[in-house]
Amino acid sequence: MTGFRLADGGRIDRRTKRNFTFDGKARWGYAGDSLASALLAQGQMLFGRSFKYHRPRGILGAGVEEPNALVTVDRGPGRVTPNLRAPSVAIHDGLKAVSQNRFPTLKTDLIAVNNVLSAFFPAGFYNKTFMWPRAAWEKVYEPIIRRLAGLGDSPTTRDPDHYDATYAHCETLVVGAGPAGIAAALEAAATGGRVILIDEQEEIGGGALSDPAQWAWLAEASAKLAAMDNVTVLSRTTAIGHYHQNFVVAAERLTDHLAVNEAEGPREKLWRIRAGEVVLAMGAIERPLVFEGNDVPGVMLASAAKTFALRYGVAVGRKVVVMAVHDSGWRDALALHKAGVNIAAIVDLRRDVASDLIEGARDARIACYQGYAVTSISGGQAVKGVTIALAGFGKGQQLDCDAVLMAGGWTPTVHLWSHAKGTLRWDEAWGAFVPDKTHENLRCVGACAGAWSFGKGLPGGLLPAPKPLHESKAFVDFQNDVKARDIGLAVQEGFRSIEHIKRYTTNGMATDQGKTSNLNGLQIASGVLHRPVTEIGLTTFRPPYTPQSFGAILGHHKEALFQPLRKTVIDDWAASHGAVYENVAQWRRARFFPQGSEDMDAAVARECRTVRSAVGVFDASTLGKIEVVGSDAAEFLNRMYTNPWKSLEPGRCRYGLLLGEHGFIIDDGVSARLAPDRFHLTTTTGGAARVLNMMEDYLQTEWSDLDVWLTSTTEQWAVIAVQGPKARRVIEPLMEGIDLSPEAFPHMAVREGRICGVETRLFRVSFTGELGFEVNVPAEHGRMVWEAIWAEGQKHGAVAYGTETMHVLRAEKGFIIVGQDTDGTITPDDAGLGWAVGKKKPDFVGKRSLARPDIVAPGRKQLVGLLTDDPQAVLEEGAQIVADPNQPVPMTMLGHVTSSYHSATLGRSIAMALVAGGRDRMGETLHIPMPAGTISAKVVAPMFYDPEGSRLNG
Amino acid sequence: MLLIHCPYCEEARPEVEFAYGGEAHIARPVDPSTYSDEQWEEFLYIRSNPRGRHHERWRHSHGCGRFFNAVRDTVTDVFETTYKAGEARK
Amino acid sequence: MVEIAEIAVSAAELKLGTEPVQGDGVRLSHADPKARYSLRARDAKVLAAVIGRALPGKIGDTDGGIACLGPDEWYALLPAGTDLPRVEGLPASVVDVSSRALGLVLEGPGALAVLSSGCPLDLAKMGVGRATRTVFETVEIVVWREAEDRWHVEVWRSFATWLWNAFLAVMPHAK
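Sequence lines, in order, name chains A, B and C.
Every number in my numbering is 93 more than the matching position in the first sequence, counting from 1.
Every number in my numbering is 4 more than the matching position in the second sequence, counting from 1.
Every number in my numbering is 1 more than the matching position in the third sequence, counting from 1.
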């Protein structure tokens, strides 16, 4: 039996018991206890097994720096969280905590054989050992290593919790609510500005929570803060990162401290805070000492023992030895003694210690060993005693004890300072990096600024020892199981920079980011290299400060709210008519409308046949639209598009091809001139925002003298395509003021008028090769007009068709889809669209690039049609094409299939492909090697149906 | 998240309202056909990519919609200044 | 192999509410139907003369239902049915976008917190009668502070369902 509950003291509520389980066994504590304090009070010293050697481990610290006591908390299905630090877990009734990394149990761990064999597991062991045989890696080594490695288990079910998120703004943000943070918050609040004070613990107070003398002040200050309207105090909130210009992200834990049945609302809340000034008052973390056996359960930080005693009323042992190199160890020893903890001895490597500390210890009848060092610990799963020796080399002397407290000095918590790219200064006297310069409106106060009152001590965490370094089991990084000798080995093998030593040894790379190990590792490397710490450098701190749930980072963006799903005004109609959807950019679009037991192929075949023989109705509302207005509108479009626009007469449409300045196709669409100074542009669905941005760019930055303005009208207009030989008959009865006769309204014309009583812009255009119209109506009327057209269509055997049918119909005509038949490296000529390039135009975006040597060189990939020798074989889109199917691998690939469908109209498959020198290969047979065998296909022009275009005039 | 001073709105606004627009002061030639292949390559693809002071374009896409220029330190991400499109290089 | 369950709630199932929703200190509703125009001109005077209305001079200001969103851009949010003339032959652009957006209204003492949950601007410092284009998380909006506790939010039609439901998700927790 080691730890126990002290008779009095602490901030726990001794009248309120809390029942919980640890590894399935019933345990209890008091309200206000942490999982660590409650278990310590019941004598639990063993909390976990180490990462690599599976060594027994106990509590090291009393806060977020804890590297050993990692637990999994189970709050029900989907609510299992691994790697929580026992000192930071508040207990509540029904808490289920489980230790990690043990197999099968905490006390009897079979993998601890690694510990016996630890001489074979030095730094870089995995990299060196599992090289051969190569095939064994995937089958043998990796699965075994993966089972043994890792901390805790990843969740395997969906997280049922909800997470909140918000932005917040304040004039002053204070991170850390210890005495320095509270003072800074009060000072800032007095000026009237908005103040946010955040702290990671259950209650504010920081170090003052472990100092009863400050409790009265703390209560008063807390009340004062709570009463101020301009102050927001957030406890259980961790500032996980500082980003540019004082943007601090913090996560507030809202329900994990409550019993499961009391937890309501979001589990966590992400605060995205923009602050005028940030004050960091994050305190300092005590440093362990590096000596043989420093990881045996019962060896812990002196400050942790003090917190357990004074804040939680728990003694960590019945007979405690303090190993100090720093005054703070003596002060903690005296405070522990006063709280009723039996301190058997204080060992200090220093010969000279302040007389008041020595007198204090004598008065408390504590034995003092100055100039001594602990050289080893006896005990495996718990401390049974300690060996000390003069200067670490003298004759060993045994002391009985059940806990050893380490006081190795203090490390300022500069993580957020470093996130903000603040520089650090090495302070030789303190043996620590302290904040130096920053370009942010940011300052550190209290212990994290190095302004502490912990007293003086020796820098350097490695205690002198009789054993040579390479034989010792003195740990530096407890969580990643890195020993001092691993750092020595890294240096011996030639690593010099701390960034490399870190990666080779993994020192500081565990989930605690080296909160207790970085400085010791650095100083050991410095010692072995005989170079000052400042020349070795410090590794970079990166967010998050402590491990953070993905849930809070997602906030509300999960499941249905993950991202907007854009629907057209006709989407509901499609849903009620059995549409199967596909997503295109952020839109969902009806892909096809199966009837009865039809599969996609059957539905698409029926839709295609009906459009070609009668009429089909298609929701094209997602097309991007831009209204171009101004006296220079035609001039502007002439400069943007490849083809001429100035000559386009009002009332006419034109296919526009848009290149980037590099000469490659980036968008296309049919656009209409409504008036001399007004155009209605269309873009691809996915290109709408990109095209508008590109046009604004040219307009604002290159041709700002032009009188032309662009307005996105994508969502203003619902677009209903009516296509097929009977299209005119369907819309004719609904139209007012537009003469639909072929003479008055030819192909590629546009008219403004009314349909079903609302305004319309009616385009006579076709993406199917059939007689076709696109009815644009204001979106709010889209559904009504669609239904009217649908009703009229029923008289003519109309179908509603989706994007899949649209794709087949356009492929039959060889019309390209930008992004499917082009890939960002395709010029107009490559795509067979040379006709759309205005030869006489002096300039347009991308024109100069069309004359570049590689663009005019022979052998470029060109768009062609492919007809498979087997008319029923449908090629796979993306499949590679070769000339010689018998060529050994790697074969010479000529290009790939871009579009491929079964055409019901033609009763066979059709495909388009980009093929090197494709237009010179007409009639050639090429080959498409597939897993099930090679498919042969003949190169043809990419035009499979009605090449004369006679059907447009239906 | 950066705060970027929009020279048109005359206030600092959050980065998510903006879109980055690449290096600034690379004007499109009045007549690209007079450019040699090398000059055109330079215009299309060659960028200064400095460590330190960088002149770059931003667009206040989800704000006033305007393109403007900025001088940002690529090491610290600190904006030295922002100014309207068309104004002389700073 | 870890099996992850199917997404429990699909975005396709989100519905745009039609009736106002009253929460604790905040109410979400649809704005009255509006006529919307995008107005553009280098010279505000030309535009003002065409439409016969005054235009606010500074970005962020509003006047008579017209907000100045950019140096050459105004957004008119007028009673439904208001007709502005189409410009011809003048250096200006008037485009009817009445159908492009929907207006949502957040009102009450909790409205600011709901909007601030996803809008990165310091809205508490935005004056009554000011308007600006900005974002709510990834969705572009125009925010118009009509009164101390009343915010009109313009959003493109196809994003309105997401935004409505995003507001609903925050409303129970926003303080």
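From the three backbone atoms N, C-alpha and C, an ideal C-beta is built for every residue, glycine too.
A quick note: this is a predicted structure, and the numbers were derived from the prediction, not measured.
- Around the beta carbon of V949 (chain A), fewer than 16 other beta carbons sit within 10 angstroms, so the residue counts as exposed.
- Residue contact with chain C for H9 (chain B): absent (no Cβ-Cβ distance below 9 Å to any residue of chain C).
- The C-beta distance from H995 (chain A) to D694 (chain A) rounds to 6 Å, short enough to fall under 8 Å.
- For G26 (chain B), the uninterrupted beta strand (DSSP E) segment begins and ends at A23 to E27.
- The bridge partners DSSP lists for D712 (chain A) are A:I813.
- Inter-segment contact for the region 285-292 of chain A and the region 382-394 of chain A is absent: fewer than three beta-carbon pairs are separated by less than 8 Å.
- With the criterion set as a beta carbon lying under 7 Å from some beta carbon of chain C, the members of the region 781-809 of chain A are D800, W802, T804, T806, E808 and Q809, in sequence order.
- Within the region 255-291 of chain A, the complete beta strand (DSSP E) segments at least 3 residues long are 256-268 and 288-291, listed from N- to C-terminus.
- Contact annotation, L774 (chain A) with L792 (chain A): C-beta distance approximately 13 Å; criterion of less than 8 Å not satisfied.
- Taking a cut-off of 8 Å on C-beta distances, the region 577-589 of chain A does not touch the region 525-540 of chain A, as fewer than three cross pairs fall below it.
- Between A645 (chain A) and L244 (chain A), the gap from beta carbon to beta carbon reaches 9 Å or more.
- Contact annotation: in the region 940-958 of chain A, residues whose CB is within less than 9 Å of a CB in chain B are K940, R941, S942, A944, R945 and P946.
- Per DSSP, V47 (chain C) is not a residue of any beta strand (DSSP E); the alpha helix (DSSP H) it occupies stretches across A45 to I52.
- Identification of residues in the region 11-33 of chain C having a C-beta nearer than 7 Å to some C-beta of chain A yields S11, A12, A13, E14 and L15, given in sequence order.
- At the C-beta level, V383 (chain A) and A567 (chain A) come within 9 Å of one another.
- C69 (chain C): member of the beta strand (DSSP E) spanning I67 to G71, first to last residue.
- Distance from the CA atom of E789 (chain A) to the CA atom of V868 (chain A), rounded to whole angstroms, is 27 Å.
- Put simply, the CB of V95 (chain C) is near chain A, with a gap under 9 Å to one of its CB atoms.
- Looking at the DSSP output, Y336 (chain A) sits in a beta bridge with A:F340.
- Between the region 854-865 of chain A and the region 833-846 of chain A, the count of C-beta pairs closer than 8 Å reaches three or more; the two stretches touch.
- Between the region 414-421 of chain A and the region 498-508 of chain A, the count of C-beta pairs closer than 8 Å reaches three or more; the two stretches touch.
- Of all C-beta pairs linking the region 103-111 of chain A to the region 121-129 of chain A, three or more are shorter than 8 Å, placing the two stretches in contact.
- If you ignore the 5 residues before and after V662 (chain A), its C-beta comes within less than 6 Å of the C-beta of A811, A872, G875 and R876, all in its own chain and listed in chain order.
- Counting C-beta atoms within 10 angstroms of its own C-beta, P34 (chain C) has fewer than 16 neighbours from the protein chains shown and is therefore classed as exposed.
- Bridge pairing for F634 (chain A): absent [DSSP].
- H66, G67, C68, G69 and R70: these are the residues of the region 50-70 of chain B whose beta carbon lies less than 7 Å from some beta carbon of chain C, given in chain order.
- Residues of chain A with a Cβ closer than 8 Å to the Cβ of Y39 (chain B) are, in chain order, R941.
- Distance between W157 (chain C) and I67 (chain C), taken at the CA atoms: about 18 Å.
- In this structure V96 (chain C) touches E720 (chain A) by the C-beta definition: roughly 5 Å separates them, less than 8 Å.
- Boundaries of the alpha helix (DSSP H) harbouring R424 (chain A): D420 to K431, taken from the DSSP string.
- Within the DSSP bridge table, the entry for D570 (chain A) names A:V575 as partners.
- Listed as beta-bridge partners of L555 (chain A) by DSSP are A:V383.
- A45 (chain C) and A765 (chain A) have their C-alpha atoms roughly 28 Å apart.
- Contact note: D257 (chain A) reaches chain C through S118, A170, V171, H174 and A175, using a C-beta cutoff of 9 Å and chain order.
- The beta carbon of G817 (chain A) sits closer than 6 Å to those of V704, A707, V708, G709 and E863, all from its chain and outside the five residues before and after it, given in chain order.
- According to DSSP, E60 (chain B) shares a beta bridge with B:E27 and B:A74.
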